[in-house]
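Protein chains in written order, with the working numbering: chain A, 1329 to 1606; chain B, 1329 to 1606.
Right, one structure below, let's go through it.
Protein chains: 2
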Amino acid sequence: MLAQIESSLDQLSRSERKVAAFVLGDASRVLSMSIARLAQEADVSEPTVNRFCRTFSATGFPDFKLKLAQSLASGPMLTTAMVADTDAIPEIFAKLTDKAIRSVQDLKSSIDVLTLERAVDLFCQARQVAFFGMGASGSVARDAQHKFFRFNVPVVAYEDGLMQRMHAAAMKTGDLAVVISHTGRTRAMVEAATFAREAGASVLAITRSDTPLSRAATLTVSVDVDENTELYIPMMSRLMQLLVLDVLVTGVAQKRGTDFQPHLARIKQALDGTRLSD
Amino acid sequence: MLAQIESSLDQLSRSERKVAAFVLGDASRVLSMSIARLAQEADVSEPTVNRFCRTFSATGFPDFKLKLAQSLASGPMLTTAMVADTDAIPEIFAKLTDKAIRSVQDLKSSIDVLTLERAVDLFCQARQVAFFGMGASGSVARDAQHKFFRFNVPVVAYEDGLMQRMHAAAMKTGDLAVVISHTGRTRAMVEAATFAREAGASVLAITRSDTPLSRAATLTVSVDVDENTELYIPMMSRLMQLLVLDVLVTGVAQKRGTDFQPHLARIKQALDGTRLSD
DNA sequence: ACGGTTTTTTGTAATATTACGTAAATTTAC
DNA sequence: GTAAATTTACGTAATATTACAAAAAACCGT
C-alpha cells in the first residue's frame, strides 16, 4: 500500500501529494485520525483527502484506513533496507527474516496460478525430466531432482555446463528440461534451453520475467525478486525458486494421485535403516 | 485478535457472545459493515456492539475494525492445515506460501540470537570449513559451500556418506564441520559429527533441538519446524536451514569487514563473461 | 423456596461526530 | 483572457457514541 502510494506520487496533484506525504510520513497515526483532522494537518480540504483515497481503490476514507491498516500489519518489514555495514547479528537476522517474509508475500501476489497449472501439466506429461542450474541455482536443481525422484519418472540434474549441453542436445519430444536461473542471462543456461527446445523437448524456465532465458523457454514461471545479485549473493531468489518447486512437486503429487504410493513406500523403507532413535 | 475473542468467549454476556460469534464466523465481512448493519445481522442492539468492541481494548467500533483488519492481514496463515488431497494448484500454492511465512515467523521468534553469534564466531575462526548433508540437506550443504566460497577460506561440501567420514576423520583442531540434517537422526550425519569432534574439529549442527546430532555437536543452531517428514518431503525445514545459513554468511561477511573485497571482485569479474545482455 | 432488592445486562432515543456530494471559487495552463 | 482542472466551502446524510431507562439475572433474607 505505502509502496503503491510512493510509486504513484508523480501522478498526483499538488494537494493530493501533500496528503500522500503525510500518510507516508506517519502512516500509523493516520489510522487514528478523522478525515477532517488529516485534512487540517496535511493543509488541504476534506474532499481532497477523499479523492486521494479513491485514487487507491478505496470506496472512501474509512475504507482507505482499513486497507492501510492491513498493509501496515504485515509491514514491520517495510524496511526493504538492505543489511548495513554496522548491523550486528540480531539486526541481520531480523532483516533477513523480514525480507524472506516479504519476498514470499510478493511472490504470492505476483505469480500467475495458471502458469503453475500448466507447469504441473508439463511435469505430468514428461517421459523424463532434467534439471539444469548453475551456481546458486545449481543446488536448487539438485534439490529439485531429489524431490521429483520420488515419482516414478527418470530425473537427472546437472550443474556442469558441458553435461547440460550434451544432455539437452540428446533430449527428445516428450522430455522436459527445467532450467533454473535467477538472472535469466546466464549464457550456458540459455543455450541449454535452446538446445533442448531444438531437440524437441519442452522447456520450463524458473527465472525472472522478460529475460533471454524466459524467451527461450516453452513456459516460464516468473520469480521476480528485487535483489541486487550483482553485489550480493542471491538469497531470496533461491528461496523463492525452491518454494515454487515445492508447489510444483506437491501439485504433481496431487495430480498423479496414489498411483506411485508403492514407490514411495519402498523409498521410505530404504531410509528407515539410516535413522537413529534417541 | 480472533484468537483473543475466542479465548474470552466465556467471559462475555449472552448478547455480546452473539456478536463474537458473528465476527468469528465472517471476520472479513465485518470490515465492510457499519455498526448498525452488524447489530442487525447479529440480532443485537448497536450499543451492545459498541460495548463488545470496547471489551477488546478498542475505543469504539471503527477502531475495532482497524485492529481487526490488522490482525486479519497477518493472519490468513492461521491455517496450519496441510495440503489436502482435493486441493487444486491455487490452494496448494496459497497453503505453501502461507506455511512458508509462518515458518519464517516461527523461526524468527524461536531462534536464539546468541547461538547465531557464536556460530558466526566459529566460522570466523575456522581454518577450513566442511559442510555435510545428505538427502534434502545435501543440496543445502552444497548451497552453503557456494556461499562461503566467497570468503578466502577453504571450503568443501560432501553429500556422500563415505567421503564425509573420511573427511571428518582427517580434520584438525581449528577446522569447522557444519552438519546439516532435518531429523537430527541420520546415522551417517551423527557419525560424521562424532568423527570430526574426535579429530579435534569444531562441529556446528543445523538441525532440530534435542536430537542425537545436536548432542554430538559443539554448537547447535536449532531449526524446529513442525513438519511431518515421515510422510512428506521436507520443504519448510530446508527453506529454514537455508535462511539460517544466509544469516550466518551475512554475519561472517560483516565481521570480516572489507578484507576480502578484492577476492569478491575477482569472482565477479570471472562471472561477467558468462552473462548475456538483452 | 419465594419475593424483594441489587446488580448486571440490554435496548431506546437523543446527540455528537464523521464523511460525502454538490456547487462555487481559485488556480493553472494555453 | 478563457477554458480546464483542481481545490475549497458548505450542507446533508450517514454513522457512531453517550445517556438513560427498562428488563433480566443474580443475590439475599425471611
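Backbone N, C-alpha and C fix where the C-beta goes; we use that ideal spot for every residue, glycine too.
It should be emphasised that the depicted structure is a prediction, and the values quoted were computed from it without experimental measurement.
Worksheet entry | Against chain A: residues of the segment 1429 to 1449 of chain B by CB proximity under 8 Å | Hits within the stretch, in order: ILE1429, VAL1432, GLN1433, LEU1435, LYS1436, ILE1439, VAL1441, LEU1444, GLU1445 and VAL1448.
Worksheet item: Skipping 5 residues on each side, what residues in its chain have a beta carbon closer than 6 Å to that of ALA1464 (chain A)?
Response: The beta carbon of ALA1464 (chain A) lies closer than 6 Å to those of PRO1562 and ARG1566 in the same chain, with the five residues before and after it left out.
Worksheet item: Span of the beta strand (DSSP E) holding GLN1582 (chain B)?
Response: Note, GLN1582 (chain B): premise wrong, no beta strand (DSSP E); alpha helix (DSSP H) at 1564 to 1584.
Worksheet item: Can the beta-carbon of ALA1370 (chain B) be found closer than 8 Å to that of LYS1346 (chain B)?
Response: Yes, these two residues count as a Cβ contact at 8 Å.
Item to complete: Have a look at the DSSP bridge pairing and note the partners of THR1383 (chain A).
Response: Answer is none; THR1383 (chain A) lacks a bridge partner.
Discussion item. Measuring straight from C-alpha to C-alpha, what distance separates ILE1429 (chain B) and PHE1421 (chain A)?
Written reply: Going by the C-alpha atoms only, they are around 15 Å apart.
Practice prompt. Please confirm if the segment 1371 to 1383 of chain A is in contact with the segment 1331 to 1343 of chain A, defined as three or more CB-CB distances below 8 Å between the two stretches.
Written response: Contact check between the segment 1371 to 1383 of chain A and the segment 1331 to 1343 of chain A: three or more CB pairs, one atom from each, fall below 8 Å, which counts as touching.
Worksheet item: Out of B:VAL1351, B:PRO1482, B:PHE1350 and B:VAL1518, which has the shortest C-alpha to C-alpha gap to ALA1454 (chain B)?
Response: When only C-alpha atoms are compared, the closest one is B:PRO1482.
Item to complete: May I have the straight-line CA-CA distance separating LEU1442 (chain B) from ASP1449 (chain B), to the nearest angstrom?
Response: The alpha-carbon atoms of LEU1442 (chain B) and ASP1449 (chain B) are separated by roughly 11 Å.
Item to complete: List the residues of chain B whose Cβ lies closer than 9 Å to the Cβ of HIS1474 (chain A), in chain order.
Response: Listed by position along chain B, the residues whose Cβ is nearer than 9 Å to that of HIS1474 (chain A) are GLY1463, ALA1464, GLY1466, SER1467 and ILE1561.
Item to complete: List the residues of chain B whose Cβ lies closer than 7 Å to the Cβ of ASP1574 (chain A), in chain order.
Response: Correct list: LEU1424 and MET1563.
Discussion item. Within a Cβ cutoff of 6 Å, which residues of the same chain sit near LEU1394 (chain A), ignoring the five residues on either side of it in sequence?
Written reply: If you ignore the 5 residues before and after LEU1394 (chain A), its C-beta comes within less than 6 Å of no other C-beta in its own chain.
Worksheet item: Under a Cβ-count criterion, where at least 16 other Cβ atoms within 10 Å of its own Cβ denotes burial, should ALA1397 (chain B) be classed as buried or exposed?
Response: Its Cβ being crowded by 16 or more others within 10 Å, ALA1397 (chain B) is buried.
Worksheet item: the segment 1473 to 1504 of chain B: which residues have C-beta closer than 8 Å to a C-beta of chain A, in chain order?
Response: For the segment 1473 to 1504 of chain B, residues whose beta-carbon sits nearer than 8 Å to a beta-carbon of chain A comprise HIS1474, LYS1475 and ARG1478.
Worksheet item: Among residues of its own chain, excluding the 5 on either side of LEU1359 (chain B), which ones have a beta-carbon nearer than 8 Å to its beta-carbon?
Response: If we look at LEU1359 (chain B) and ignore the five residues flanking it on each side, its Cβ neighbours are LYS1393, LEU1396, ALA1397 and LEU1400.
Worksheet item: Thinking just about the alpha-carbon of each residue, which of A:THR1501, A:ASP1503, A:SER1537 and A:PRO1375 is nearest to the one in ARG1513 (chain A)?
Response: Ranked by how close their Cα comes to the Cα of ARG1513 (chain A), the residues A:THR1501, A:ASP1503, A:SER1537 and A:PRO1375 have A:SER1537 in first place.
Discussion item. Measuring only the C-alpha atoms, how far is SER1336 (chain B) from ALA1349 (chain B)?
Written reply: Answer to the nearest angstrom: the Cα atoms are 12 Å apart.
Worksheet item: For GLY1608 (chain B), does the count of other Cβ atoms within 10 angstroms reach 16, so buried, or fall short, so exposed?
Response: Only positions 1329 to 1606 of chain B appear in this structure, which leaves residue 1608 (chain B) out of reach.
Discussion item. Below 8 Å, how does it come out for the segment 1470 to 1477 of chain B and the segment 1509 to 1523 of chain B: are there three or more Cβ pairs, yes or no?
Written reply: No: the two stretches stay apart, fewer than three of their Cβ pairs being nearer than 8 Å.
Worksheet item: Can you give the beta carbon distance from THR1548 (chain A) to ALA1533 (chain A), rounded, assuming they're within the 8 Å contact cut?
Response: Going by Cβ atoms, the distance from THR1548 (chain A) to ALA1533 (chain A) rounds to 4 Å, so yes, they are a contact pair.
Practice prompt. Please compile the residues from chain A whose C-beta is within a distance smaller than 9 Å of the C-beta of ARG1513 (chain B).
Written response: For ARG1513 (chain B), the chain A residues whose C-beta falls within less than 9 Å of its own C-beta are THR1602, ARG1603, LEU1604, SER1605 and ASP1606, listed in chain order.
Worksheet item: So, are the CB atoms of LEU1576 (chain A) and ALA1447 (chain A) less than 8 Å apart?
Response: Yes.
Item to complete: Quick one: list the residues of chain A neighbouring LEU1359 (chain B), beta-carbon separation under 8 Å, in chain order.
Response: Within chain A, the C-beta atoms nearer than 8 Å to that of LEU1359 (chain B) come from LEU1394, in chain order.
Discussion item. Ignoring anything shorter than 4 residues, give me the alpha helix (DSSP H) runs that lie fully in the segment 1448 to 1478 of chain A, in order along the chain.
Written reply: Listed in chain order, they are 1464 to 1476.
Worksheet item: How is VAL1347 (chain A) classed by DSSP in three states: helix, strand or coil?
Response: Annotated three-state conformation of VAL1347 (chain A) is helix, per DSSP.
Discussion item. Quick test of your reading: ALA1516 (chain A) and VAL1531 (chain A), contact by CB under 8 Å. State the CB separation rounded to the nearest angstrom.
Written reply: Cβ atoms of ALA1516 (chain A) and VAL1531 (chain A) stay farther apart than 8 Å, at about 14 Å.
Discussion item. Going by beta-carbon coordinates alone, are ALA1472 (chain B) and LEU1573 (chain B) separated by less than 8 Å?
Written reply: The answer is yes: Cβ separation under 8 Å.
Discussion item. Can you look up ILE1561 (chain A) in the DSSP assignment and give me helix, strand or coil?
Written reply: In the structure shown, the three-state DSSP call for ILE1561 (chain A) is coil.
Item to complete: Mind checking who ALA1533 (chain B) pairs with in its DSSP beta bridge?
Response: B:VAL1507 and B:THR1548, per the DSSP bridge assignment.
Worksheet item: Quick one: is ASP1440 (chain B) buried, meaning 16 or more other Cβ sit within 10 Å of its Cβ, or exposed?
Response: In this structure ASP1440 (chain B) is exposed. Its beta-carbon is surrounded by fewer than 16 other beta-carbon atoms within 10 angstroms.
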